[in-house]
Amino acid sequence: MERQGRDLETQVRELTQTQGRLEQSVQDAATRLREKNRMVAEAATLEKRFDVYQALSNDLKGNAFQDYLLSQVQRDLLARASHVMREVTRDRYILTLEDGEFSVRDAWNGMEPRSVRTLSGGESFIASLSLALALSDYLAGSKALGALFLDEGFGTLDSDALDAVASVLEALNTRGRTVGVITHVASLAERLPNRLMVEKGQGSSRAYWTE
């Protein structure tokens with residue numbers, strides 16, 4: 008009986024040791040499984056980052072990124088210019104981009120888009136001025152530009168176009184924007200409320216204000 012008791016104690020001790028080893032093996036396996044899952048997740052994250060970097064690399068190699076930036080600037084300028092044009096024409100005209108080209112929509116003609124090449128002299132001036140104001144605002148950023156000077160070939164405009172020019176300038180003045188026009192066209196100058204006249208003399212020039 009005593010011998011059987013010692014044998015049982017030995018078996019119990021061996022079983023306890025075996026149980027301990029098995030429990031340790033289970034713990035080690037669980038640790039390795041957690042580490043494997045962590046590495047798999049990290050590899051997936053790195054793969055996603057690589058895909059992003061690869062896409063950026065492909066874009067930077069070509070003109071895609073540059074084209075994207077230009078399209079953003081173009082969209083911003085178009086929105087600003089369209090807002091100005093719509094305001095000074097009393098909601099008649101807006102500028103749009105159709106198939107990569109500037110177009111205008113006319114509320115008096117069902118808002119059907121048409122190329123800016125079809126605009127009359129006065130309409131072209133309004134569109135050009137709207138884009139110039141939009142560009143000046145864009146370049147100024149958060150700073151307000153209170154004045155803008157235009158030096159264009161107004162001599163090619165007919166009387167109707169000159170009337171449109173005067174109307175637009177008047178509308179801009181009511182918006183708190185001062186627009187100066189440098190011109191040799193007397194018929195246009197006469198339509199401006201305040202004029203700085205420059206007269207060339209012999210050996211000198213004279214400048215004076217007139218209303």
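One rule links them: number in this note's numbering = place in the sequence shown (from 1) + 7. Beta carbons are placed, not taken as given, at the ideal position from N, Cα and C, and that holds for glycine.
Residues near residue i in its chain [Cβ-Cβ closer than 8 Å; skip 5 each side]
| i | result |
| --- | --- |
| residue 89 | 101, 102, 103, 137 |
| residue 110 | 102, 103, 104, 120, 121, 122, 123 |
| residue 193 | none |
| residue 154 | 184, 185, 186, 187 |
| residue 71 | 65 |
| residue 199 | 173, 176, 188 |
Backbone CA spacing between residue i and residue j [nearest angstrom]
| i | j | result |
| --- | --- | --- |
| residue 191 | residue 83 | 34 Å |
| residue 147 | residue 209 | 41 Å |
| residue 36 | residue 51 | 22 Å |
| residue 58 | residue 64 | 10 Å |
| residue 216 | residue 94 | 30 Å |
| residue 77 | residue 178 | 30 Å |
| residue 28 | residue 48 | 30 Å |
| residue 213 | residue 204 | 8 Å |
| residue 15 | residue 24 | 14 Å |
| residue 68 | residue 56 | 18 Å |
| residue 202 | residue 85 | 31 Å |
| residue 134 | residue 107 | 17 Å |
6 Å CB neighbourhood of residue i in its chain, flanking five on each side removed
| i | result |
| --- | --- |
| residue 164 | 128 |
| residue 195 | 161, 169 |
For residue i: DSSP bridge partner residues
| i | result |
| --- | --- |
| residue 212 | 207 |
| residue 105 | 108 |
| residue 113 | 100 |
| residue 202 | 217 |
Local Cβ density within 10 Å of residue i, reported as buried at 16 or more and exposed below that
| i | result |
| --- | --- |
| residue 87 | buried |
| residue 161 | buried |
| residue 144 | buried |
| residue 17 | exposed |
| residue 189 | exposed |
| residue 96 | buried |
| residue 141 | buried |
| residue 46 | exposed |
| residue 19 | exposed |
| residue 118 | exposed |
| residue 62 | exposed |
Proximity test, residue i beta-carbon vs the ligand ZN heavy atom, cut-off 7 Å
| i | result |
| --- | --- |
| residue 114 | In the structure on display, the ligand ZN does not appear, and there are no ligands present to speak of. |
Q: Inspect the CB distances between the stretch 167 to 177 and the stretch 111 to 129 and report whether three or more fall short of 8 Å.
A: yes
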